[in-house]
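S.K.: Positions 5 to 87 (this note's numbering) are the ones given, in order, by the sequence shown. Virtual Cβ for every residue (Gly too), placed ideally from N, Cα, C.
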Amino acid sequence: MIVLRLKRGGAKKNPCYRIVAAEQRMRRDGRNVEELGYYHPLSNPVQFKIDEDKVKRYIANGAKATETVASFLKKQGIVAPVL
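1) Determine whether the beta carbon atoms of I63 and I23 lie at a separation below 8 Å.
2) What whole-angstrom Cβ distance do V59 and A74 have, given they're in contact under 8 Å?
3) Figure out for me which residue from A15, K17, V37 has the closest Cα to the Cα of M5.
4) Does the beta-carbon of V7 have 16 or more other beta-carbons within 10 angstroms, so that it is buried, or is it exposed?
5) For a test of the three-state rule: what should DSSP assign to K17, helix, strand or coil?
6) Enumerate in chain order the residues of its own chain whose CB-to-CB distance from Q80 is below 7 Å, with the five nearest sequence positions on each side excluded.
7) Roughly how many whole angstroms lie between the Cα atoms of A25 and D33?
8) Considering only C-alpha positions, which residue in the set A15, L10, E27 is nearest to G66?
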């Protein structure tokens, strides 16, 4: 099953995240199917970008989102089923 989740990057104590579509069995930072956006929590103001068309396509095909990604999508006005 495809899951929309965060993939961590960046340095120690300086995280940045990519919002990705990945197979549920893969590791958190492992292979992903496609990158859908990014989230930089430590920048001021917080940077957040997502490709809404790609996300909607994955949701229509049965992908589920983690709670964190679902909350980001809700802020963008996209309702996603939660894992």
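M.R.: Put simply:
1) no
2) Wrong, their Cβ atoms sit about 11 Å apart, outside the cutoff.
3) V37
4) buried
5) coil
6) I54, E56
7) 12 Å
8) Minimum Cα distance to G66 is reached at E27.
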